[in-house]
Amino acid sequence: MEILSFDGLAGRPVEAFGSVGVTAQAVFRSEAVGVTVLRVAAGGEVGRHPAPVDQLLVVMQGHGVVQADDGDGESVRAGQAVVWRAGEEHTTRAVDDLTAVVIELAATPQSRQQ
Numbered sequence: 053m054e055i056l057s058f059d060g061l062a063g064r065p066v067e068a069f070g071s072v073g074v075t076a077q078a079v080f081r082s083e084a085v086g087v088t089v090l091r092v093a094a095g096g097e098v099g100r101h102p103a104p105v106d107q108l109l110v111v112m113q114g115h116g117v118v119q120a121d122d123g124d125g126e127s128v129r130a131g132q133a134v135v136w137r138a139g140e141e142h143t144t145r146a147v148d149d150l151t152a153v154v155i156e157l158a159a160t161p162q163s164r165q166q
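Residue numbers (my numbering): 53 to 166.
Written out as structure tokens, the structure reads:
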């Protein structure tokens, strides 16, 4: 067993696609799965880009707005998750400081109706 702590992790700055105020810290990588802690400062943005593989963004803290191909922005908060399919253009903006876990995988769980 290994216990990981994310407190105080600076992560690496992300500037690709015009991103601003974003850091990423890789947690786990294999051929099938990638797990990254993503932090977006209030007012920051992960610039518009295509998902390289299916992605699941799980918001752990904060409030943001996500936008996909359809152009409509949707509010997301801690306790919510967003699924982007491979190739889907998207962006994430932080209203408040936002911390999320990004899981990249070959297959994502089916969305469930609440």
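Cβ coordinates follow ideal geometry from the N, Cα and C atoms, glycine included.
With respect to residue 68, residue 99 sits close: the two C-beta atoms are nearer than 8 Å.
Contact annotation: residue 114 and residue 130 have beta-carbon atoms nearer than 8 Å. Shown here, residue 68 sits in a helix according to DSSP, grouped into three states.
Less than 8 Å separates the beta-carbon of residue 144 from that of residue 116. Cβ-Cβ distances below 7 Å link residue 84 to 157, 158 in the same chain, with the five nearest sequence neighbours on each side left out; the list follows chain order. Looking at the DSSP output, residue 97 shares a beta bridge with 72, 145. Following the DSSP letters along the chain, one finds residue 112 inside the beta strand (DSSP E) bounded by residues 106-113.
With a beta-carbon spacing of about 7 Å, residue 63 and residue 89 fall inside the 8 Å limit used to define contacts. In the three-state reduction of the DSSP assignment, residue 119 falls in the strand class, which pools E and B.
Residue 157 sits in a strand when the DSSP states are folded into three classes.
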